[in-house]
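> This is the structure I want to talk about, given as structure tokens.
In the working numbering, the protein residues as written are 91 to 369.
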């Protein structure tokens, strides 16, 4: 019997040929009153699996698995109960690491020219933050810096821990740039860059540098992991070239595919996991 049939049958009285028997109104009202009595709730509580997921460890479904396995503790005690609720401010840990339940969000922006990556520009200049302001209610900050004239990929997030890791010069983060110079690059200078060029008495090592296929010789592709400020421009200035255009086309394995200039997108769950593995 379908739901509509069942409901129609319930509405029939005994006189109409149905099986419904009229009940004492006082008892019905008492039962209804008991059923609709409001339940007390605590807005300061959150389900443990959501707490873990919001902390950026894993998805909520995966959190259930880790909770059942005893990987999560609350105030020092392992919790394996499904649906367990915790209060904000309690000591919740995953494999010994304390969690922060504020939902972490990650946005990949293809930054246009003439936008700064500084926090709030006091001189009225446009900022990368303004481009992603509608992505989240959280305050998303760019990881690292791209100067005003450099275009390309940058991640904006409220995950301070990830920002710290990705900014570390020790992580060997992969970055690829498309560079346009004011004149053709000589093969001898290309070789000097490949061998390592000293900037401020420190050798800058690049992973790869080459001419761009099917393009004039003033266009170069470069892969490097250095996090030093304006290092690409400074490399070519050392060799007496001017960088006319500088575009970061790959950042930490992320590309500009289907992401026009000035647009942003949320990182996928797998992309966040990949970034979390960078030490």
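Ideal Cβ positions, reconstructed from N, Cα and C, are used throughout, including at glycine. Please read these numbers as outputs of a predicted model, since none were measured by experiment.
1) I'd like to know if the stretch 264-272 and the stretch 357-367 are in contact, where contact means that at least 3 CB-CB pairs between them fall below 8 Å.
2) Pick from 360, 363, 207, 354: whose alpha carbon is nearest that of residue 222?
3) Reducing DSSP to helix, strand and coil, say where residue 358 ends up.
4) Anyone know if the C-beta pair for residue 333 and residue 323 falls short of 7 Å?
5) Do residue 329 and the ligand FMN come close, with the Cβ less than 6 Å from some heavy atom?
6) Take residue 321 and list the residues in its own chain whose beta-carbon comes closer than 8 Å to its own, dropping the five residues that flank it on each side.
7) If you follow the beta strand (DSSP E) that residue 309 is in, where does it begin and where does it stop?
8) With distances taken between CB atoms, is the gap from residue 241 to residue 196 smaller than 7 Å?
9) Would you list the residues sitting across from residue 300 in a DSSP beta bridge?
10) Do you know whose CA, among 207, 181, 340, 177, lies nearest residue 85's CA?
11) Give a yes or no on whether the minimum CB-CB distance between residue 306 and chain D is below 7 Å.
12) Residue 346 and residue 200 look like a contact to me (Cβ under 8 Å); what is the Cβ gap, rounded to whole Å?
13) Alpha carbon to alpha carbon, how far is residue 181 from residue 207? Give it in angstroms, no decimals.
14) Considering just the uninterrupted stretch of the beta strand (DSSP E) at residue 339, what are its terminal residues?
15) Using only the alpha-carbon positions, how far apart do residue 380 and residue 138 sit?
16) Can you tell me whether residue 352 is helix, strand or coil according to DSSP?
17) If we ignore side chains and look at the alpha-carbon of each, how far apart do residue 256 and residue 250 end up?
18) Looking at the secondary structure, which residues open and close the beta strand (DSSP E) in which residue 184 lies?
19) Suppose you measure from the CA of residue 349 to the CA of residue 299; what does that come to, to the nearest Å?
Reading from the atomic positions:
1) no
2) 354
3) Residue 358 sits in coil when the DSSP states are folded into three classes, being neither helix nor strand.
4) yes
5) Looking for the ligand FMN in the displayed structure turns up nothing, as the structure carries no ligands at all.
6) If we look at residue 321 and ignore the five residues flanking it on each side, its Cβ neighbours are 289, 294, 314.
7) 309-314
8) no
9) 311
10) Here the chain comprises residues numbered 91 to 369, so residue 85 is not present and cannot be evaluated.
11) Of the protein chains in the structure, only one exists, and it is not chain D.
12) At roughly 6 Å, the Cβ-Cβ gap stays under 8 Å, so residue 346 and residue 200 are in contact.
13) 35 Å
14) Per DSSP, residue 339 is one residue of the beta strand (DSSP E) stretching across 333-341.
15) This structure cannot settle anything about residue 380, because the visible part of the chain is limited to 91 through 369.
16) coil
17) 10 Å
18) 182-184
19) 24 Å
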